[in-house]
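When the letters of the sequence shown are read in order and numbered with this note's numbering, they come out as residues 3 to 201.
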Amino acid sequence: MPGNGGEGRVESRVRGGRETILVVGVCSVALGVLIAIWPEKTVPILELLFGLYLLANGAAQLWLAIGARFALPLRVLVFVSGLLSIVLAVLCLRGGNSVLLLSMWVGLSWTIRGITQATVAAWDDEQLSESLRHELFGLFTMIVGIVVLGLPLEELGTLGVVVGGCLAVLGGLEIALVGVGRAGPVRVPDAPRVPVPRS
Numbered sequence: 003m004p005g006n007g008g009e010g011r012v013e014s015r016v017r018g019g020r021e022t023i024l025v026v027g028v029c030s031v032a033l034g035v036l037i038a039i040w041p042e043k044t045v046p047i048l049e050l051l052f053g054l055y056l057l058a059n060g061a062a063q064l065w066l067a068i069g070a071r072f073a074l075p076l077r078v079l080v081f082v083s084g085l086l087s088i089v090l091a092v093l094c095l096r097g098g099n100s101v102l103l104l105s106m107w108v109g110l111s112w113t114i115r116g117i118t119q120a121t122v123a124a125w126d127d128e129q130l131s132e133s134l135r136h137e138l139f140g141l142f143t144m145i146v147g148i149v150v151l152g153l154p155l156e157e158l159g160t161l162g163v164v165v166g167g168c169l170a171v172l173g174g175l176e177i178a179l180v181g182v183g184r185a186g187p188v189r190v191p192d193a194p195r196v197p198v199p200r201s
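So this is what it looks like as structure tokens:
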């Protein structure tokens, strides 16, 4: 989840929050590319990988919910979203050898997370800098989740390409979102003063 130099952003207001989100984003991109191009993937391996991804995602949301300075209802919302992600992770890890169920767990987690992030950004826009970007990212994540839920992904190859590609895109956007405003404004040094000779 997601002033100058990123002041007021949720990830900068939680100890290690920005780094946590950045690591999750990088891992999402790597995992998405791996899943999309790996020719010998199996359902149990994808269940393990997606389960670990959802587990890390849920843990990151719990970390942000505990340390963020949002209003209590928003923190509860993020906390519940993190718990649901962990529950979906457990469902993935328990397995079922079903491509359709696996895509449903991932799509549902993206839908819940997208709704949560968009709600936080829209509700607490005075405390969250770049709130419009956060809201748009949340809405995009929700739409991706709904699309994955609605698609009849019953083939392993199709699941890998669609869900892996979406995962890589979402991870890349998350990395870009975390980096917005990090550097802060560029400070121009004052021009040297030239002494004026007295007449």
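Virtual Cβ for every residue (Gly too), placed ideally from N, Cα, C.
Predicted, not measured: the structure shown is a model, and the values here were computed from it.
Scanning 107, 179 and 177 for the CA closest to the CA of residue 149 turns up 107. Between residue 103 and residue 50, the gap from beta carbon to beta carbon reaches 8 Å or more. Pairing residue 122 with residue 80 gives a Cβ-Cβ distance under 8 Å. Beyond the five residues adjoining it in sequence on each side, residue 22 comes within less than 7 Å, by CB distance, of 62 and 65 in the same chain, given in chain order. By the neighbour-count criterion, in which a residue is buried when 16 or more other Cβ atoms sit within 10 angstroms of its Cβ, residue 73 is exposed.
Membership of residue 44 in any alpha helix (DSSP H) is not indicated, and neither H nor E is assigned to it by DSSP.
Here the alpha carbon of residue 31 sits roughly 31 Å from the alpha carbon of residue 75.
In summary, residue 20 is buried, with 16 or more beta-carbon neighbours lying within 10 Å of its beta-carbon over all protein chains present. In the assembly as shown, residue 133 is a buried residue. Its beta-carbon has 16 or more other beta-carbons within 10 Å.
Excluding residues up to 5 positions away in sequence, 144 lie with their Cβ nearer than 6 Å to the Cβ of residue 117 in the same chain. Residue 136 and residue 160 have their C-alpha atoms spaced approximately 29 Å apart.
Taking a contact as a CB-CB distance under 8 Å, the pair residue 119 and residue 98 does not count as one, their CB atoms being some 28 Å apart. Nearest to residue 176 by alpha-carbon distance, out of 46, 59 and 110, is 59. Around the C-beta of residue 113, 16 or more other C-beta atoms lie within 10 Å, and the residue is accordingly described as buried. For the 8 Å CB-CB criterion, residue 47 and residue 166 do not form a contact. Spatial neighbours of residue 83 in its own chain (CB-CB distance under 7 Å, excluding positions within 5 residues in sequence) are listed in chain order as 63, 114, 115 and 118. Looking at the backbone, the Cα of residue 180 and that of residue 40 are separated by about 28 Å.
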